[in-house]
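In terms of the working numbering, the sequence shown has 917 at position 80, counting the first letter as 1, and numbering is strictly consecutive. By construction, the Cβ of each residue, glycine as well, lies at the ideal position given by its N, Cα and C atoms. Okay, so here's the structure we're looking at.
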Amino acid sequence: MNSAMTIAVAMVVARLAWSLLSWGILHAVWGTDASACATLNGQGACWSVVATKFRYILFGSYPFEEHWRPAIGVTAFIGATLVSSRSEFWGRGLFVLWAAVLVLFFGLMSGGTLGLDFISPDKWGGLPLTLALSIVGVLAALPLGIALALARRSPIRSLRTICIVYIETIRGVPLITVLFMSSIMLPLFLPAGMVISGLERAMIAIVLFTAAYIAEVVRGGLQLVPPGQFEAAASLGLGYWKTTFLIVLPQALRIVIPPLVNTFIEVFKDTTLVIIVGLFDLLNTTRTAILDIAWRPYYVEAYLFAGLIYFFFCFYMSHISLLVERRLAKSVRH
């Protein structure tokens, strides 16, 4: 029975793989002519929609003649991601590389210096917008989340209560609610004459939302640190801050690497919700690109293209987290 089931499943998988190969490659149209796709009758993929619309899908409403700027920024980000997947490059140099990439990315996207025209954040879109929201969301939310986790365990009741109320309130509503409140309510609390862009409002909402989830992840790691670690630190005469940042927090963060990376991946994918504040990330530029009547029947190919991009970044984030876990496990054994 096991052999029969294995053969049956293998035949089904082979049949599906052949159908996908035939549809996606062998009988596909690769040019830019929409009329050529009309003769396919569903027998092949029309990758012409990607060939024609890929610049809008990737960069959205960013000025067409300035597309080289987000292209360089995204390429630098991809290069840094690939370098990070190689353990031999881990070290202080990697932090310098990422800092340089972030400066380059946001410098090129914004402009206003070195002879580059200033581009308003409201015109950002596509993959660069997704990366910008994800990068800022992760980098800003991580220290805020760690601070909230430590404050929730604080012996000061008022501080602990404030953190509990904040964390449970944010975790009790969906991200789209936080984005909506950031878009509608935040401008009401700003001083007169102060205006922030939709991108900044979305970043604030994502940071606040992500920090609450990171706080709970880190708090779980702190609870798993053996009490003997605190006692050993106290016997050495270490104070609270040295005990926390030199002994307890490093162990807690090592424990919670998998759920932390899972949170980072969720942030990357949840950026699709920024349409609520009028921003067009990668998924929304893909959706807009196929509103053209000539290309509307070929939405599957457009969404597959966007899906492959999401898969690439999510896969590499997961891959890097596995490498970090293995390296830390080796260091603990040594």
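Which listed residue (the options) has its alpha carbon closest to that of residue i
i	options	result
Gln1088	Gly1058, Val1044 and Leu1073	Gly1058
Val1098	Tyr1140, Met1154, Phe1142 and Ala1131	Met1154
Gly910	Ala888, Asn839, Ser856 and Pro965	Pro965
Trp1038	Ala875, Leu1012 and Val1085	Reading off the sequence shown, one finds Arg at residue 1038, where the question assumed Trp. Taking only the C-alpha atoms, the option nearest Arg1038 is Leu1012.
Phe1150	Trp1132, Val1161, Ala1139 and Phe1101	Phe1101
Phe942	Arg923, Arg1164 and Leu968	Leu968
Ser971	Thr1109, Ala986 and Tyr1077	Thr1109
Thr1014	Ala1042, Arg923, Trp1078 and Leu1165	Ala1042
Val887	Asp870, Gly879 and Ala841	Asp870
Phe901	Ala1029, Lys960, Asp1118 and Gln880	Lys960
Leu1092	Ala1029, Arg1164 and Val1062	Here residue 1092 turns out to be Ile, not Leu, going by the sequence shown. For the residues Ala1029, Arg1164 and Val1062, the minimum Cα distance to Ile1092 belongs to Val1062.
Val1111	Pro1024, Glu1138, Phe1017 and His1156	Phe1017
His1156	Ser922, Gly1030 and Ala841	Ser922
Leu1086	Ser1072, Pro1064 and Val1010	Pro1064
Arg906	Ile1146, Val849 and Leu951	Leu951
Pro980	Phe1082, Gly1076 and Leu1025	Phe1082
Ala1131	Ser872, Asn839, Arg852 and Met842	Ser872
Val1114	Met1040, Ala1139 and Gly1144	Met1040
Cβ neighbour criterion (16 or more within 10 Å) applied to residue i
i	result
Glu1005	exposed
Trp884	buried
Phe1148	exposed
Asp1107	buried
Asp954	exposed
Ala847	exposed
Glu925	exposed
Thr876	exposed
Met1022	exposed
Asn1121	buried
Ile993	exposed
Val1032	exposed
Phe1105	buried
Phe1142	buried
Val866	buried
Thr889	buried
Arg1163	exposed
Leu1019	Leu is not the amino acid found at residue 1019; the sequence shown has Ser there. Classification for Ser1019: buried.
Leu1027	exposed
Ile844	exposed
Met838	exposed
Ala841	exposed
Leu895	buried
Ala936	exposed
Ala1139	buried
Bounding residues of the alpha helix (DSSP H) (the contiguous stretch that carries residue i)
i	result
Cys1000	Arg994 to Arg1008
Glu1068	Pro1064 to Ser1072
Ser1020	Leu1012 to Ile1021
Val1054	Gly1035 to Leu1061
Asp870	No alpha helix (DSSP H) holds Asp870; DSSP gives it neither H nor E.
Gln1088	Leu1086 to Ile1092
Ile845	Per the sequence presented here, residue 845 reads as Ala, with Ile not at that position. From DSSP, the alpha helix (DSSP H) with Ala845 extends over Asn839 to Leu858.
Phe896	Ser885 to Phe896
Leu939	Arg929 to Ser947
Thr950	That residue, Thr950, is in no alpha helix (DSSP H); it is neither H nor E in DSSP.
Ser924	Element bounds for Ser924: n/a, residue is neither H nor E.
Leu877	Where Leu877 is concerned, there is no enclosing alpha helix (DSSP H), given that its DSSP letter is neither H nor E.
Gly963	Gly963 to Arg989
Residues near residue i in its chain [Cβ-Cβ closer than 7 Å; skip 5 each side]
i	result
Thr1080	Phe1067 and Ala1070
Ala978	Val1044, Thr1047, Ala1048 and Ile1051
Pro934	Checking the displayed sequence, the identity of residue 934 turns out to be Leu instead of Pro. Answer for Leu934: Ala917 and Val920, listed in chain order.
Cys1000	Leu985, Ala988 and Arg989
Phe914	Val938, Phe942 and Leu968
Val1161	Ile1094
Ser947	Phe955 and Ile956
Tyr1136	Ile1127
Leu1165	Arg1091
Chain-order list of residues whose beta-carbon lies under 6 Å from that of residue i (same chain, five-residue window excluded)
i	result
Pro958	Ser1034 and Leu1036
Gly861	Ala882
Phe1117	Gly897 and Gly962
Gly974	Ile1043, Val1044, Thr1047 and Val1104
Ser991	Arg997
Contacting residues, own chain, Cβ-Cβ under 8 Å from residue i (five flanking each side not counted)
i	result
Gly949	Phe955
Gly982	Thr1047, Ala1048, Ala1049, Tyr1050, Ile1051, Ala1052, Val1054 and Val1055
Arg1133	Ile1127
Ala854	none
Tyr893	Gly963, Thr1122, Thr1125 and Ala1126
Ile1146	Leu964 and Leu1119
Those runs of the beta strand (DSSP E) which lie wholly inside the segment 1079 to 1158 and span at least 3 residues: none
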